[in-house]
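Chain order of the listed sequences is G and Z. Quick note: the first sequence, position 199, residue 199 per the working numbering, numbers continuous. Quick note: the second sequence, position 165, residue 1165 per the working numbering, numbers continuous. Take a look at the structure below.
2 protein chains.
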Amino acid sequence: MQGDRTERPIGRPRDERADRAILQATLELIAERGVHGFRTEDVAARAGVGKGAIYRRHSSKDDLMVAAVAGLVDEEIVVPDTGSTRADLLALMREAVELYRSSLPGRLMPNLVSAMAARPELARVVREGFLIRRRQALAEVVRRGVERGDLRPDVDLELVLDVLGGPLFYRLLITGGPIDEQLADGVTELIMRGFAQDKPRGRAKSKHTAKEHS
Amino acid sequence: MQGDRTERPIGRPRDERADRAILQATLELIAERGVHGFRTEDVAARAGVGKGAIYRRHSSKDDLMVAAVAGLVDEEIVVPDTGSTRADLLALMREAVELYRSSLPGRLMPNLVSAMAARPELARVVREGFLIRRRQALAEVVRRGVERGDLRPDVDLELVLDVLGGPLFYRLLITGGPIDEQLADGVTELIMRGFAQDKPRGRAKSKHTAKEHS
DNA sequence: CTGTTCCGGTACGCAAGAGTTCCATAAGAG
DNA sequence: CTCTTATGGAACTCTTGCGTACCGGAACAG
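Pasting the structure below:
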């Protein structure tokens, strides 16, 4: 009774390359034509499969879309730990800038935003799939920064995270402004200055406090 | 020769109340069902007009949408001038928070974002219609702040504007976080601290404390 | 071999909805 | 009055595209 653990079904097995090709084609087409603009027929064509293969895997176009976005969960984010709060934040922010500037998520996000409002399941997948991870990494860095004395202990964490991420998405979705290192550097520096621990007048013990250069 | 300046056309004149009712109904339905979700038939029903009345005014659904959004241009924004940079920024930010928290633009924006990417004309109308005005007002306040010596003269204006606006839209479009006074206060305070002019601890009024820096 | 489920490809049913047309009627000018 | 254009409402055409069904064939198990 315990032998058929894998429960191998009879008949021809599914082609796993088709699984991935379908999801990949779906993501590309959402990025190109939008959630309402892409057609299942085009997905099939680009993936090199028949429409039947799609509907054998996903019950509807909506289902397909959610599955494709859910499969976009990016690689594990490593929390940098250089010893410098500024450097750690900067590393994460530059990584984010790189991701959204030219990569698939960047082209995908504008199209997903509208659909998220109407589809809670999609919203959950987007947020938990590849927003929470970076937020958690940033939160960890901020926490260490507070412990280290670089940041105020009463810092509003949600505000910090939204200030770090907000301008990036604002430019991506609304203004079309540049998403580059200057942005990453700017918001990082702003957070470091704006939430810096108030120090006593004598600041002699520290090294250069104003080595700012931008 | 002075009479026909208005070039009064013959026949029954257009009902101007219908003009406004159509645009208003369009905006509401975009907010409720999204750009691709609303139907011209529903617009007609809600506006209390026939579909013919719509197509006599707008050549297509896309045209209707752009016209409706373009008509959203909000009232002139008065640039506050209390003498305090912090208070001026705060006033503008609280106004923005109030606008996007519960008002029509707030419910509209998520649905417009996706459509903006594909429709440059819509993007232009949204940006010029009711984003640029607030940005210009904020820019003016920042400029005065620099003159007053409250803010660094080498401040990155674009960054400031995007940090002020970004978190608000980030919460509105992505995270669903609260859009409230705390947000307005937080980003304002952050900007004031982060871009503060370097000056001695004492609040001496001397305007020449700033030392030349590259 | 048989049986089952997959494959890519094509054709099709069917619902949704944009845009048009027609109607009887209303509101203006002359 | 006539002429012209607008009105709400209903009926209509036509396109789009989701989802299904079917085809001949292929990949597995037994």
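No residue lacks a Cβ here, since even glycine has one placed at the ideal position from N, Cα and C.
Taking C-beta atoms as the reference points, D162 of chain G and L1183 of chain Z count as a pair closer than 9 angstroms. Taking 8 angstroms as the upper bound on Cβ-Cβ separation, chain G lies near no residue of the region 1045 to 1077 of chain Z.
Comparing alpha-carbon positions, the option among Z:E1189, Z:L1190, Z:V1073 and Z:I1174 lying closest to P1110 of chain Z turns out to be Z:I1174. When the five nearest sequence neighbours on each side are left out, the beta carbons in the same chain lying within less than 7 angstroms of the beta carbon of M1093 of chain Z are those of L1164, A1184, V1187 and T1188, in order along the chain. Using a Cβ-Cβ distance cut-off of 8 angstroms, the region 107 to 121 of chain G and the region 49 to 59 of chain G are not in contact, since fewer than three pairs of beta carbons, one from each stretch, lie closer than that value. The Cβ of T175 of chain G sits closer than 9 angstroms to at least one Cβ of chain Z. Under the three-state reduction of DSSP output, L1151 of chain Z falls in the strand class. Excluding five sequence positions before and after A1123 of chain Z, the CB atoms of its chain that fall closer than 7 angstroms to its own CB belong to M1116, given in chain order. Under DSSP, A196 of chain G shares a beta bridge with G:L151.
Only residues of its own chain outside the window of five on either side were considered, and among them D1019 and I1022 have a CB closer than 7 angstroms to the CB of R1057 of chain Z, listed in chain order. Interface criterion met: the Cβ of E158 of chain G is under 9 angstroms from a Cβ in chain Z. Any Cβ of chain G closer than 9 angstroms to the Cβ of A1018 of chain Z would place that residue at the interface, and such an atom is absent. The C-alpha of D1150 of chain Z is placed about 46 angstroms away from the C-alpha of R33 of chain G. Neighbours of F1169 of chain Z in chain G, taken as residues whose beta carbon is under 8 angstroms from its own, are G166, F169, Y170, L173 and I174 in chain order. Against chain G, the beta carbon of R1193 of chain Z has neighbours under 7 angstroms at R193 and G194, listed in chain order. The C-beta of A123 of chain G comes closer than 9 angstroms to at least one C-beta of chain Z. Contacts with chain Z at 9 angstroms (Cβ-Cβ) do not include E128 of chain G. When Cβ-Cβ separations below 9 angstroms define contact, M1116 of chain Z makes contact with chain G.
Put simply, the region 139 to 148 of chain G touches the region 74 to 89 of chain G. At least three CB pairs are less than 8 angstroms apart.
Within chain G, the C-beta atoms nearer than 9 angstroms to that of G1034 of chain Z come from H36, S114, A115, A117 and A118, in chain order. Secondary structure of L131 of chain G (DSSP, three-state): coil.
Using a Cβ-Cβ cut-off of 9 angstroms, Q182 of chain G counts as an interface residue toward chain Z, since at least one Cβ of chain Z sits closer than that to its own. When CB distances to chain Z are screened at a threshold of 7 angstroms, the residues of the region 100 to 113 of chain G falling below it are P110, N111 and V113, in chain order. Scanning its chain for C-beta atoms nearer than 8 angstroms, with the 5 sequence neighbours on each side dropped, one finds around V125 of chain G the residues V66, V69 and A70, in chain order.
Annotation: L1190 of chain Z to D1081 of chain Z spans about 20 angstroms, alpha carbon to alpha carbon. Short of 8 angstroms from the beta carbon of E28 of chain G, and not among the five residues preceding or following it, lie these beta carbons of its own chain, in chain order: R46 and L104. In terms of CA proximity to D1063 of chain Z, Z:R1119 leads the group Z:R1171, Z:R1101, Z:F1195 and Z:R1119. F169 of chain G places its beta carbon 9 angstroms or farther from that of F1195 of chain Z. Residue environment analysis places L1157 of chain Z among the exposed positions, since fewer than 16 neighbouring C-beta atoms fall within 10 angstroms of its C-beta.
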